[in-house]
Structure formats: structure tokens, C-alpha cells
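Working notes, structure below.
In full-length UniProt numbering, the protein residues as written are 1 to 156.
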């Protein structure tokens, strides 16, 4: 086989190797969509509560609204952290793909660098999922305390 055919076959293998991280990026993108939706719901609820807080004169009601707003703030922080970590993870996965190609094109051994980037990306993704889990725990705890449904009449 001539050298050009071998290079094409080698590049095909590099592309095959790079496809797996691209699927990972797709999964992270889906996670970012979920996080964006959760943050949008939290933001909408906070705006609704702030409007109620401005017009209400009932101190007990205002205290319960303020408590729920604090819970929403904690939840939004968790989502913000998860979102940031997910984006950083995706960037590192992109770096892995880029380094795979550079390693092949430049004939440089970047195996350790690629492995470190991938491990760091997975660590960031694990932390992002842990932050998302923390937000879910906060949401569940808020719901159990009755804060979310305090203004709903059960007889309706």
C-alpha cells in the first residue's frame, strides 16, 4: 500500500475515535437544555413571587413569599453551577477532539494531554450532575414544606 492510502486509513480511524466524544457533546447539549428549562421555570416563579410581594400588605404572607424566594435563589445557584460546569466539560471534550486531530496531523504524542482533558471533562460533568441533583433535592424539599402550593386552595 502506498503512503497516501495509509494516511487516509489512519485519518479515518482518527475520525472514528473522535466521533465518540462528539456524541458526548450531544449529551451535554441535551443536559444544557434541561438546565436552561429548569432555570427558566425558577426565574418565572421568582418574578411571579416578587410581583405578589410588592402588592401584598400581609406580613405573614410576605414572610412566606420571602422564604420561597430564598429557596428559589438557592436552586438557581445550583443550576448556574451545573450549567457552568457542563459548558466547561463540553469545552474540554471539544479540546479532546481537536487534540486527537492535531496529534495525528503533527505526529505528536499528546496521549497524556488528551487523557487529562477527558478525565477533567468527566470530573466537571460529574460535579455538574451533582449540582443538578442538589437542585432537585432543594426543589423537593421546598415542595414538601408546602411552600410551592401554599397559595392553592385544595377544594378547587
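No residue lacks a Cβ here, since even glycine has one placed at the ideal position from N, Cα and C.
Residue j beta carbon less than 9 Å from that of residue i
{"i": "residue 94", "j": "residue 134", "result": "no"}
{"i": "residue 127", "j": "residue 99", "result": "no"}
{"i": "residue 97", "j": "residue 18", "result": "yes"}
{"i": "residue 28", "j": "residue 123", "result": "no"}
{"i": "residue 83", "j": "residue 138", "result": "no"}
{"i": "residue 50", "j": "residue 69", "result": "yes"}
{"i": "residue 92", "j": "residue 120", "result": "yes"}
{"i": "residue 131", "j": "residue 85", "result": "yes"}
Among the options, nearest to residue i - alpha-carbon criterion
{"i": "residue 14", "options": "102, 45, 128, 132", "result": "102"}
{"i": "residue 141", "options": "56, 129, 72", "result": "72"}
{"i": "residue 115", "options": "30, 80, 21", "result": "21"}
{"i": "residue 76", "options": "32, 16, 129, 41", "result": "41"}
{"i": "residue 125", "options": "81, 105, 136", "result": "81"}
{"i": "residue 8", "options": "136, 145, 104", "result": "104"}
Assigned secondary structure, residue i (DSSP; H/G/I helix, E/B strand, else coil)
{"i": "residue 145", "result": "coil"}
{"i": "residue 44", "result": "helix"}
{"i": "residue 24", "result": "helix"}
{"i": "residue 181", "result": "The first residue shown for the chain is 1 and the last is 156, placing residue 181 beyond what the model contains."}
{"i": "residue 67", "result": "helix"}
Chain C contact for residue i (CB, 9 Å cutoff)
{"i": "residue 130", "result": "Of the chains in the structure shown, none is chain C; there is only one protein chain."}
Checklist entry - For the segment 54-66 against the segment 106-123, are there 3 or more C-beta pairs whose distance is under 8 Å? => result The segment 54-66 is not in contact with the segment 106-123.
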